[in-house]
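J.: As given, the protein sequences belong to chains A and B, one line each in that order. Counting in our numbering, the first sequence tops out at residue 405, every number present. Counting in our numbering, the second sequence tops out at residue 405, every number present.
There are 2 protein chains.
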Amino acid sequence: MKQDTSFDWHEPGLTIGQVAQRSGVSASAIRFYEAQGLISSDRTAGNQRRYHGDVMCRLAMIEACQRVGLTLAEVGRALAGLPPGQAPNAEDWHALAERLRTEAQSRIDRLSQVLRELAPPA
Amino acid sequence: MKQDTSFDWHEPGLTIGQVAQRSGVSASAIRFYEAQGLISSDRTAGNQRRYHGDVMCRLAMIEACQRVGLTLAEVGRALAGLPPGQAPNAEDWHALAERLRTEAQSRIDRLSQVLRELAPPA
DNA sequence: TGTTGACCTCAACAATTGTTGAGGTTCTAC
DNA sequence: GTAGAACCTCAACAATTGTTGAGGTCAACA
Numbered sequence: 284m285k286q287d288t289s290f291d292w293h294e295p296g297l298t299i300g301q302v303a304q305r306s307g308v309s310a311s312a313i314r315f316y317e318a319q320g321l322i323s324s325d326r327t328a329g330n331q332r333r334y335h336g337d338v339m340c341r342l343a344m345i346e347a348c349q350r351v352g353l354t355l356a357e358v359g360r361a362l363a364g365l366p367p368g369q370a371p372n373a374e375d376w377h378a379l380a381e382r383l384r385t386e387a388q389s390r391i392d393r394l395s396q397v398l399r400e401l402a403p404p405a
Numbered sequence: 284m285k286q287d288t289s290f291d292w293h294e295p296g297l298t299i300g301q302v303a304q305r306s307g308v309s310a311s312a313i314r315f316y317e318a319q320g321l322i323s324s325d326r327t328a329g330n331q332r333r334y335h336g337d338v339m340c341r342l343a344m345i346e347a348c349q350r351v352g353l354t355l356a357e358v359g360r361a362l363a364g365l366p367p368g369q370a371p372n373a374e375d376w377h378a379l380a381e382r383l384r385t386e387a388q389s390r391i392d393r394l395s396q397v398l399r400e401l402a403p404p405a
């Protein structure tokens, strides 16, 4: 979904405001995630944050993970396997994605099981 | 604490300690859920809680729902459709289960979608 | 060069989801 | 009828996940 016509994925020039606007995640939340080690940034000489494009990936992932009940700590542990800062390669993402999907699916399965047990065939 | 070999689903005699032990949910959490309106109890003349068997259903469901990212408020809204106190009938549970499963699955789908987008075919 | 909006840090507050403990009551088994 | 385990309420604390605001700095444009 690139509604973002011109944008170099690796340009390390995104300000926190730009990231916030594009991702829909508030600047305060972004700072918070950074403080928790979920994302990282470069700093300008004047100490302002500058983000790589891959931060958008991470933010989308964080949101989706939270929606399926993973805590930030869990997401953090998952992301910890990724090369920090730079854009991770496809393999990295793939392995990560697989783990997350598996975990999420197992939770759904558990819920389904509980629900099935609770609503027996009358 | 009489070890319960026989157990009538509708007997309104479970103490909070018994419920806690059987469900694995702490007594404090049970009281908390009750304060939030997620479960209910009868009281003895001496003001102690006595639970119906259906509380076990609800507790299992609450746990499973939380694991897939639903808040207690969301679970509460879902449970609100159920007849309070007494054991709900199969239809009630069925409709509820369907809604929950749907919501949970849509969250998983969203995560899967995000993950797919993030890990493109290299 | 000046101004103005975006950014910085840090601390305080807030909602959610409980746990812990104090102080008192009830229930059950002897 | 009494001891002790289990229960009660209420308030304080705690972790997680942020938001808000104060007070100050940076950067981009005229």
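Built from N, CA and C at the ideal position, the CB exists for glycine as well.
Which runs of the alpha helix (DSSP H) spanning at least 4 residues fall entirely within the segment 348-378 of chain B, listed in chain order?
T.: You should have 355-362.
J.: Check the Cβ-Cβ distances between Q301 (chain A) and every residue of chain B, and say whether any is below 8 Å.
T.: Taking the first sequence and counting its residues from 1, the one referred to as residue 301 (chain A) is at position 18. False, the Cβ-Cβ gap to chain B never drops below 8 Å.
J.: Quick one: is S306 (chain B) near chain A, going by C-beta distance under 8 Å?
T.: Sequence index remark: in the second sequence, residue 306 (chain B) carries index 23 (1-based). With 8 Å as the cut-off, S306 (chain B) does not count as an interface residue toward chain A.
J.: Measuring straight from C-alpha to C-alpha, what distance separates Y334 (chain B) and A312 (chain B)?
T.: Here residue 334 (chain B) corresponds to residue number 51 of the second sequence, with the count starting at 1. Here residue 312 (chain B) corresponds to residue number 29 of the second sequence, with the count starting at 1. Taking the straight line joining both Cα atoms gives about 15 Å.
J.: For the putative contact between G352 (chain B) and R350 (chain A), defined by C-beta atoms under 8 Å, what is the C-beta separation to the nearest angstrom?
T.: Here residue 352 (chain B) refers to the residue found at position 69 of the second sequence. Here residue 350 (chain A) refers to the residue found at position 67 of the first sequence. Right, the Cβ-Cβ distance comes to about 5 Å (below 8 Å), so this counts as a contact.
J.: Can you check which of these residues, A:S389, A:D375, A:A361, is closest to G320 (chain A) by C-alpha distance?
T.: As a first step, residue 320 (chain A) is located in the first sequence; it is residue number 37 there, counting from the start. Of the candidates A:S389, A:D375, A:A361, the one whose C-alpha sits nearest the C-alpha of G320 (chain A) is A:A361.
J.: Of all the CB atoms in chain A, is at least one closer than 8 Å to the CB of I322 (chain B)?
T.: Counted from its first residue, the second sequence places residue 322 (chain B) at position 39. Chain A, which has no Cβ nearer than 8 Å to the Cβ of I322 (chain B), makes this no.
J.: If you draw a straight line from the C-alpha of G336 (chain B) to the C-alpha of E400 (chain B), how long is it?
T.: Your numbering for residue 336 (chain B) matches position 53 in the second sequence. Your numbering for residue 400 (chain B) matches position 117 in the second sequence. Approximately 45 Å, taken between the alpha carbons.
J.: Please compile the residues from chain A whose C-beta is within a distance smaller than 8 Å of the C-beta of R350 (chain B).
T.: Here residue 350 (chain B) refers to the residue found at position 67 of the second sequence. What R350 (chain B) touches in chain A: G352, R390, R393, L394.
J.: Residues of chain B with CB closer than 9 Å to the CB of R384 (chain A), please, in chain order.
T.: Counted from its first residue, the first sequence places residue 384 (chain A) at position 101. Simply I391, L394, S395, L398.
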